[in-house]
Amino acid sequence: MAGKENLAFIETEKPRENCAVVGVFSRESDIANIAFNGLVELNHRGQEGSGITLANGWRFETIKDSGLTTIVFGLKHPLPLLENASIAIGHNRYSTSGSSHDLQPFVEDGIAIAHNGNLTNVRYLREQFNLPEEIDGAKSDSRVALAVINRMKGSKQNRIISGLKQFEGSYSFVFATDDALIATRDPLGFRPLSLGRLKNGSGYVVASETAAFDAMESTYERDIFPGETVVINDRGITTIALDQRSEIAQCIFELIYFSRIDSKVFGIPVVDFRARQGEILARHIPDVDIVMSVPRSGIGATEGVALSEEVIERGIVHKEGLYTNPYRSAVKGARTFILPNGRNKAAAKKYSANRYVLEGKRVCIVDDSIVRGSMSRVVEKLREAGASEVHALIASPPLKHPCRFGIDMATYEELLANRIPDLEERRKCLGLDSLYYMTFSETMEAVVGNKVDIEDETVFEKNDFCGACFTGRYPISTEGAIPKEEVEPLELEKAPA
Numbered sequence: 001m002a003g004k005e006n007l008a009f010i011e012t013e014k015p016r017e018n019c020a021v022v023g024v025f026s027r028e029s030d031i032a033n034i035a036f037n038g039l040v041e042l043n044h045r046g047q048e049g050s051g052i053t054l055a056n057g058w059r060f061e062t063i064k065d066s067g068l069t070t071i072v073f074g075l076k077h078p079l080p081l082l083e084n085a086s087i088a089i090g091h092n093r094y095s096t097s098g099s100s101h102d103l104q105p106f107v108e109d110g111i112a113i114a115h116n117g118n119l120t121n122v123r124y125l126r127e128q129f130n131l132p133e134e135i136d137g138a139k140s141d142s143r144v145a146l147a148v149i150n151r152m153k154g155s156k157q158n159r160i161i162s163g164l165k166q167f168e169g170s171y172s173f174v175f176a177t178d179d180a181l182i183a184t185r186d187p188l189g190f191r192p193l194s195l196g197r198l199k200n201g202s203g204y205v206v207a208s209e210t211a212a213f214d215a216m217e218s219t220y221e222r223d224i225f226p227g228e229t230v231v232i233n234d235r236g237i238t239t240i241a242l243d244q245r246s247e248i249a250q251c252i253f254e255l256i257y258f259s260r261i262d263s264k265v266f267g268i269p270v271v272d273f274r275a276r277q278g279e280i281l282a283r284h285i286p287d288v289d290i291v292m293s294v295p296r297s298g299i300g301a302t303e304g305v306a307l308s309e310e311v312i313e314r315g316i317v318h319k320e321g322l323y324t325n326p327y328r329s330a331v332k333g334a335r336t337f338i339l340p341n342g343r344n345k346a347a348a349k350k351y352s353a354n355r356y357v358l359e360g361k362r363v364c365i366v367d368d369s370i371v372r373g374s375m376s377r378v379v380e381k382l383r384e385a386g387a388s389e390v391h392a393l394i395a396s397p398p399l400k401h402p403c404r405f406g407i408d409m410a411t412y413e414e415l416l417a418n419r420i421p422d423l424e425e426r427r428k429c430l431g432l433d434s435l436y437y438m439t440f441s442e443t444m445e446a447v448v449g450n451k452v453d454i455e456d457e458t459v460f461e462k463n464d465f466c467g468a469c470f471t472g473r474y475p476i477s478t479e480g481a482i483p484k485e486e487v488e489p490l491e492l493e494k495a496p497a
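Going by this note's numbering, the sequence shown wraps up at 497, each residue one higher than the last.
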């Protein structure tokens, strides 16, 4: 694979959200275009493939392919066309399993499905329902989910409800049937899913993030509740199931990294959360001249640091000393994509350090997380440009455990904080003069907006969040999940010149 012209570029330093979903119901609006616009706005959640399915009451029309949404629909294919279509669902993929056969949406027996998340009991489901490893060439848990649903009895709606009861793990699903758009979140609420109303009053939309709603010609109504299943059809919106649990496990990394800064996730404006992260980190800033972010990473937290009273009073200025060339990426607009076997070399090429800003200066960089340790090459770049000291503030606790709930961040062996548990040794490995991570309680303080008394690793679960990637305290068993090492990423084509 590595020898091919169309190399598979994967985001190796940052965790990867594996999907985005959208849905539209309207008999008057251009639903294919609305779904397309929503997927474009959510391409940060999935860049390896994009697909849209339309339904008109008696048939489905699906187009899906590898690449960014604007490449799939425009350079490769037109938008799907289907006369009298009133339902559209769409999906952006960041693969955690499979090949081009695993591109979504999937369609079978009158139901189309798109999925954000990861089922942790997929191996049990295959055994229980006697399902093969591949279904129509697809290996993903999402294809298994549709097969299980269609083993249930009754109407399409009843099959979906019965199938959902078989699943464990994380999921935000959108379904299209012959007459309805159906949306649901898992009972623990791992992944976000929001409901919007079309501005012309002709119908409704759902999307993984509220940031998509403007482009989808809609306004935010509310979040789909954890455990809630809603049906959207000609009669409006109806909640047909609500599996309420005493425990909620919303993914904290949605706020820290994945979600767009103009989204509202789990009822929290992301911009406010990241600003509070910066205010908290400012308490720990060392004696420096400049505070700066790594381009496109940690920007909100950096601004929070720079605007804090502590930093302003000390005369620390906010300047950007790193420049990233948007034309260097193999996939236009993609986030931090680099060759798997050339991580540090690629990190060096991605950034240019501005000597006119950095020479002779003590620098503090702010980043949202450290996964594998490619920051070491960034630090080297800063020193080569004349920085006299380089310090780092990290807007999350150390990542020590892989996620099994829909995020492909790394294996245990790849995680720097797991490989090098000692903080001082990790600082030396990265070439930093000092290194500070937000604590568990500080992270939750940024969520709730005030001091949190709980200092130990239970602080996330006691506040309805999952922080297993930091603590190792998984809210449910992950033994049946598909490990990252068993799957291959989908190959990406280079964007046409």
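The C-beta atom is built at its ideal place from N, Cα and C for all residues, glycine as well.
### Task
Indicate the three-state DSSP secondary structure (helix, strand or coil) for Thr177 in the structure shown.
Working through the sequence shown from its first residue, we reach residue 177 at position 177. Three-state result, Thr177: coil.
### Message
Check for me: the alpha helix (DSSP H) holding Leu423 runs from which residue to which?
### Response
Along the sequence shown, read from residue 1 onward, the residue named residue 423 stands at position 423. Taken as a continuous stretch (DSSP letters only), the alpha helix (DSSP H) holding Leu423 covers 423-430.
### Query
Cα separation between His77 and Ser142?
The residue given as residue 77 occupies position 77 in the sequence shown. The residue given as residue 142 occupies position 142 in the sequence shown. Whole-angstrom Cα-Cα distance: 24 Å.
### Message
Alpha carbons only, please: which of Ala32, Gln244, Ala385, Leu195 is nearest the one belonging to Val265?
### Response
Taking the sequence shown and counting its residues from 1, one reaches residue 265 at position 265. The residue with the shortest Cα to Cα distance from Val265 is Leu195.
### Query
Who does Phe213 pair with in a DSSP beta bridge?
Against the sequence shown, residue 213 aligns to sequence position 213. In the DSSP output, where bridge partners are listed per residue, Phe213 has none listed.
### Assumed close pair Asn118, Ser170 - CB separation to whole angstroms, cut-off 8 Å
By one-based count along the sequence shown, residue 118 stands at place 118. By one-based count along the sequence shown, residue 170 stands at place 170. Yes, Asn118 and Ser170 are in contact; Cβ-Cβ is about 6 Å, under 8 Å.
### Task
Identify which residue in Phe460, Lys156, Cys403, Glu168 has its Cα closest to the Cα of Ala180.
Taking the sequence shown and counting its residues from 1, one reaches residue 180 at position 180. For the residues Phe460, Lys156, Cys403, Glu168, the minimum Cα distance to Ala180 belongs to Lys156.
### Message
Here's the rule I'm using: 16 or more other beta-carbon atoms within 10 Å means buried, otherwise exposed. How should Thr184 be labelled?
### Response
The count along the sequence shown starts at 1 and reaches residue 184 at position 184. It is buried - the Cβ of Thr184 has at least 16 other Cβ atoms within 10 Å.
### Task
Quick one: residues in its chain with C-beta nearer than 7 Å to the C-beta of Leu281, no 5 flanking neighbours on either side, listed in chain order?
Walking along the sequence shown from the start, residue 281 turns up at place 281. So the list reads Ala301, Val305, Val366, Leu393, Ala395, Met438, once near-sequence residues are dropped.
### Spatial neighbours of Asn233 in its chain, beta-carbon cut-off 8 Å, leaving aside the 5 residues before and after
Along the sequence shown, read from residue 1 onward, the residue named residue 233 stands at position 233. Within the same chain, Asn233 has close Cβ partners Phe25, Asp179, Ala180, Leu181.
### Message
Between which residues of its own chain and Gly467 is the CB-CB distance below 6 Å, once the five residues before and five after are set aside?
### Response
Locating residue 467 in the sequence shown gives position 467, where the first residue counts as 1. Around Gly467: Ile252, Phe460.
### Task
Go to Val206, then tell me how far its beta strand (DSSP E) extends in each direction, as first and last residue.
Against the sequence shown, residue 206 aligns to sequence position 206. Residues 203-207.
### Task
Report the rounded CA-to-CA distance for Arg383 versus Glu309, giving the unit in angstroms.
In the sequence shown, the residue the question calls residue 383 occupies position 383. In the sequence shown, the residue the question calls residue 309 occupies position 309. Going from the Cα of Arg383 to the Cα of Glu309 covers about 28 Å.
### Backbone CA spacing between Asn344 and Leu432 [nearest angstrom]
As a position in the sequence shown, residue 344 is number 344, starting the count at 1. As a position in the sequence shown, residue 432 is number 432, starting the count at 1. Residue placement at Asn344 is flagged as unreliable, the pLDDT there being 47, under the threshold of 50; a coordinate-derived value is accordingly withheld.
### Message
Can you list, in chain order, the residues of its chain with a C-beta nearer than 6 Å to that of His318? Leave out the 5 residues immediately preceding and following it.
### Response
Looking up residue 318 in the sequence shown gives position 318. Here the set comprises Val291, Ala306.
### Query
What span of residues does the beta strand (DSSP E) with Glu127 cover, start to end?
Taking the first residue of the sequence shown as 1, we reach residue 127 at position 127. First-last for Glu127: 122-128, but that is the alpha helix (DSSP H), not the beta strand (DSSP E).
### Segments of 4+ residues assigned as alpha helix (DSSP H) that fall wholly inside the segment 60-118
69-72
### Query
By the 10 Å Cβ neighbour count, where 16 or more other Cβ atoms means buried, how is Thr219 classified, buried or exposed?
Counting from one through the sequence shown, the residue named residue 219 turns up at place 219. Exposed, by the Cβ-count rule.
### Task
Alpha carbon to alpha carbon, how far is Asp214 from Phe258? Give it in angstroms, no decimals.
Here residue 258 refers to the residue found at position 258 of the sequence shown. Here residue 214 refers to the residue found at position 214 of the sequence shown. Their Cα atoms are separated by approximately 19 Å.
### Identity of the residues DSSP links to Ser434 by a beta bridge
In the sequence shown, the residue the question calls residue 434 occupies position 434. Paired residues: His391.
### Rounded separation between Ile63 and Lys451 - CA only
If you number the sequence shown from 1, residue 63 lands on position 63. If you number the sequence shown from 1, residue 451 lands on position 451. Going by the C-alpha atoms only, they are around 49 Å apart.
### Task
Sort out for me which residues DSSP pairs Asn463 with in a bridge.
Within the sequence shown, numbered from 1, the residue matching residue 463 stands at position 463. Note: Asn463 sits in no beta bridge, so no partner.
### Query
Quick one: what does DSSP say Phe253 is sitting in, helix, strand or coil?
Locating residue 253 in the sequence shown gives position 253, where the first residue counts as 1. Looking at Phe253 - three-state DSSP - the assignment turns out to be helix.
### Message
So Ser29 and Gly203 are supposed to be a Cβ contact under 8 Å. How far apart are they, rounded?
### Response
Locating residue 29 in the sequence shown gives position 29, where the first residue counts as 1. Locating residue 203 in the sequence shown gives position 203, where the first residue counts as 1. Confirmed, about 6 Å.
### Query
For Ile228, does the three-state DSSP call read helix, strand or coil?
Here residue 228 refers to the residue found at position 228 when the sequence shown is read from its first residue. For clarity, residue 228 is Glu in the given sequence; the question names Ile instead. If DSSP states are grouped into helix, strand and coil, Glu228 belongs with the strands.
### Task
Compare the C-beta of Ser194 against all C-beta atoms of chain B and say whether one is closer than 8 Å.
Any reference to chain B falls outside this structure, which holds one protein chain only.
### Message
According to DSSP, is Asn233 part of a helix, a strand, or is it coil?
### Response
Within the sequence shown, numbered from 1, the residue matching residue 233 stands at position 233. In the structure shown, Asn233 sits in a strand (DSSP, three-state: E or B).
### Query
With C-beta atoms as the reference, is Ile31 less than 8 Å away from Leu54?
In the sequence shown, counting from the first residue as 1, residue 31 sits at position 31. In the sequence shown, counting from the first residue as 1, residue 54 sits at position 54. It is a contact, given that the beta carbons lie within the stated cut-off.
### Message
Going by DSSP, what residue range makes up the beta strand (DSSP E) through Ile365?
### Response
Taking the sequence shown and counting its residues from 1, one reaches residue 365 at position 365. That run of the beta strand (DSSP E) goes 362-367.
### Message
With a threshold of 7 Å on Cβ separation, who are the neighbours of Ala353 within its own chain once the five nearest residues in sequence on each side are excluded?
### Response
Translated into positions along the sequence shown, residue 353 becomes position 353. Gly321, Leu322, Lys381, Leu382, Glu384, Ala385.
### Query
So, are the CB atoms of Ser376 and Leu430 less than 8 Å apart?
As a first step, residue 376 is located in the sequence shown; it is residue number 376 there, counting from the start. As a first step, residue 430 is located in the sequence shown; it is residue number 430 there, counting from the start. Against a cut-off of 8 Å, the Cβ pair of Leu430 and Ser376 comes out as a contact.
### Message
Please return the same chain residues whose Cβ sits closer than 7 Å to the Cβ of Val379, not counting the five positions on each side in sequence.
### Response
Sequence index remark: in the sequence shown, residue 379 carries index 379 (1-based). So the list reads Val390, Leu430, Gly431, Leu432, once near-sequence residues are dropped.
### Query
Which of the three DSSP states, helix, strand or coil, is assigned to Tyr474?
As a working mapping, residue 474 is identified with position 474 in the sequence shown. The answer is coil: DSSP assigns Tyr474 none of H, G, I, E or B.
### Message
Check this for me: beta carbons of Gly23 and Val205, under 8 Å apart or not?
### Response
The count along the sequence shown starts at 1 and reaches residue 23 at position 23. The count along the sequence shown starts at 1 and reaches residue 205 at position 205. Contact: yes.
### Task
Report the option in Gln166, Ile370, Arg126 whose CA atom is closest to the CA atom of Val294.
Numbered from its first residue, the sequence shown carries residue 294 at position 294. Residue Ile370 is the option with its Cα nearest to Val294.
### Query
Quick one: Cα of Glu303 to Cα of Asp464, how far?
Your numbering for residue 303 matches position 303 in the sequence shown. Your numbering for residue 464 matches position 464 in the sequence shown. Straight-line Cα distance between these residues: approximately 27 Å.
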